[in-house]
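Here is the structure we will look at, set down as structure tokens.
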Amino acid sequence: MRVVEGRLYRFSDYLRLRYPFKVWKLPVDAGFTCPNRDGTKGWGGCTYCDNRSFSPPARDRAVELRRQIEHGLVRRRRSGPGRAIVYFQAYTNTYGAIDELRRLYDTALAFPEVVGLAIATRPDCLPEGVLDLLSEMTRRTGVWLEIGVETTHDAILASLNRAHTVADVEDAVRRARGRGFEIVGHLIFGLPGETRAMMLETVRRVSELGLDAVKLHHFYVAKATPLEKAFHRGEIQVLTFPEWIELAADVVERLPASLYIERAAGELSNEWLVAPRWGKSGTEVWAAIEAELERRGSRQGNVSACGRHSVEVRHGDVPQV
Ligand code: SF4
214 MRVVEGRLYR
224 FSDYLRLRYP
234 FKVWKLPVDA
244 GFTCPNRDGT
254 KGWGGCTYCD
264 NRSFSPPARD
274 RAVELRRQIE
284 HGLVRRRRSG
294 PGRAIVYFQA
304 YTNTYGAIDE
314 LRRLYDTALA
324 FPEVVGLAIA
334 TRPDCLPEGV
344 LDLLSEMTRR
354 TGVWLEIGVE
364 TTHDAILASL
374 NRAHTVADVE
384 DAVRRARGRG
394 FEIVGHLIFG
404 LPGETRAMML
414 ETVRRVSELG
424 LDAVKLHHFY
434 VAKATPLEKA
444 FHRGEIQVLT
454 FPEWIELAAD
464 VVERLPASLY
474 IERAAGELSN
484 EWLVAPRWGK
494 SGTEVWAAIE
504 AELERRGSRQ
514 GNVSACGRHS
524 VEVRHGDVPQ
534 V
């Protein structure tokens, strides 16, 4: 049995225990669109989303994907030897015919340095055939299914034009569990209209879902989104850096100790970021949260969902390969 010690359980800890080599995550745009943009579920997308801020649009899908991975690996190799998890990030990466999904995922797996696939998607884009395909992929590689949960309040999801419900999330996670891949929930804190109590309620409900990991994002305003206009009109606010650190520490204290954390804050290039502009690196954000937990004499899982402090907490096991 191997146990991670520390104030919080980071994805890097998980990877160190799972793989005997360094592993990077390599984001790609495989040319997907999104049912919340093409009219299937809605038009225009979520009010905070502009995927142009993630990566440029793809042209020829498999060829372009191969090119992106080649370039990404060349860049990464400069920082030393290692392997890659190809992160299908832009738009909805399970939104397509099964054969096309298989072709694109296989394109990534054709690279010997690729040891995993991370597939980001919406909770309402996970029919059984897709889950079966991801399950099948686990026989060849590591698979992370990343589901956009964002919040567990339907009124907030509606106000963001997410075009799915909390019930969709619960249904997707219930059907995805036990299929051999890791399930990661994306959460956003500080969304317009949410109180601290609502955010902690999201943590409580998400902790009960049976996820393997979460990504913590603070709400930020990106250029060319509907929320940018609302921000400039002074109708919405964003968190300051100290506010985020305090809130993130509250969140981490309430997350199960067995669940690993992939992100400590949202990230967006300066080219696309309107607010907040903290000027902090990811490393600095992690360090600040750890320092806040240390100041409190606390750690991940130290506070139960109902707000009580536990006596002793240890992080859970990770699979060995
Ligand atoms: S955030 Fe995701 S689900 Fe929403 S519009 Fe953008 S790609 Fe689609």
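In case it helps, my numbering puts the sequence shown at residues 214 to 534. Beta carbons are placed, not taken as given, at the ideal position from N, Cα and C, and that holds for glycine.
Secondary structure remark: continuous beta strand (DSSP E) runs of at least 3 residues inside the segment 275 to 361, in chain order: 296 to 301 and 327 to 334. L346 and R388 do not touch by the CB rule: their CB atoms are close to 13 Å apart, not below 8 Å.
Residue range F454 to R467 is occupied by the alpha helix (DSSP H) that includes A462. Cα atoms of P325 and G309: separation of roughly 25 Å, rounded to the nearest angstrom.
Residue side-chain check: G479 keeps its Cβ at 6 Å or more from all non-hydrogen atoms of the ligand SF4.
Those residues having their beta-carbon less than 6 Å away from any non-hydrogen atom of the ligand SF4 are, in chain order, C247, N249, R250, G258, C259, C262, N264, Y304, T305, R335 and G361.
Shown here, Y222 sits in coil according to DSSP, grouped into three states, outside any helix or strand. In the structure shown, A437 adopts coil according to DSSP, grouped into three states. Ranking T378, G342, C247 and K428 by CA distance to the CA of I396 puts K428 first. For the alpha helix (DSSP H) assignment, the uninterrupted runs of no fewer than 4 residues enclosed by the segment 382 to 438 are, from N- to C-terminal side, 409 to 420. Per the coordinates, the alpha-carbon of L221 lies some 11 Å from the alpha-carbon of R467. Of E459, K493 and G495, the smallest CA-CA separation from E507 is found for E459.
Residue pairing by DSSP places P240 opposite Y300 in a beta bridge. Remark: fewer than three beta-carbon pairs, one from each stretch, lie closer than 8 Å, so the segment 356 to 370 and the segment 432 to 442 are not flagged as touching. The beta carbon of A371 lies closer than 6 Å to none in the same chain, with the five residues before and after it left out. If the five residues before and after T354 are omitted, its C-beta is found closer than 8 Å to the C-beta atoms of L322, V327, V328, G329 and L330, all from its own chain and listed in chain order. Between L344 and V386, the beta carbon gap of about 11 Å keeps them out of contact (Cβ cut-off 8 Å).
In the three-state DSSP reduction, W491 falls in the coil class, being neither helix nor strand. When DSSP states are grouped into helix, strand and coil, E484 belongs to the coil group. About 19 Å separates the Cβ atoms of V241 and L228, ruling out a contact at the 8 Å cut-off. Distance from the Cα of E480 is smallest, within the candidate group T378, G447, W499 and V379, for W499. Counting the other Cβ atoms within 10 Å of the Cβ of D273 gives fewer than 16, which makes it exposed. When the alpha-carbon of S420 is set against those of R392, E277, F454 and E383, the nearest one is in E383.
For V516, the three-state secondary structure derived from DSSP is strand. Its Cα nearest to that of C259, the residue Y304 stands out among Y304, R490 and E277.
For N515, the closest alpha carbon among the candidates A462, P294 and T496 is that of A462.
One thing to note: D381 has its Cβ no nearer than 7 Å to the Cβ of P340. R446 has its alpha-carbon roughly 34 Å from the corresponding atom of N306.
C262 has its alpha-carbon roughly 12 Å from the corresponding atom of L486. For Q302 against A275, the beta-carbon gap comes to about 17 Å, at or over 8 Å, which does not count as contact.
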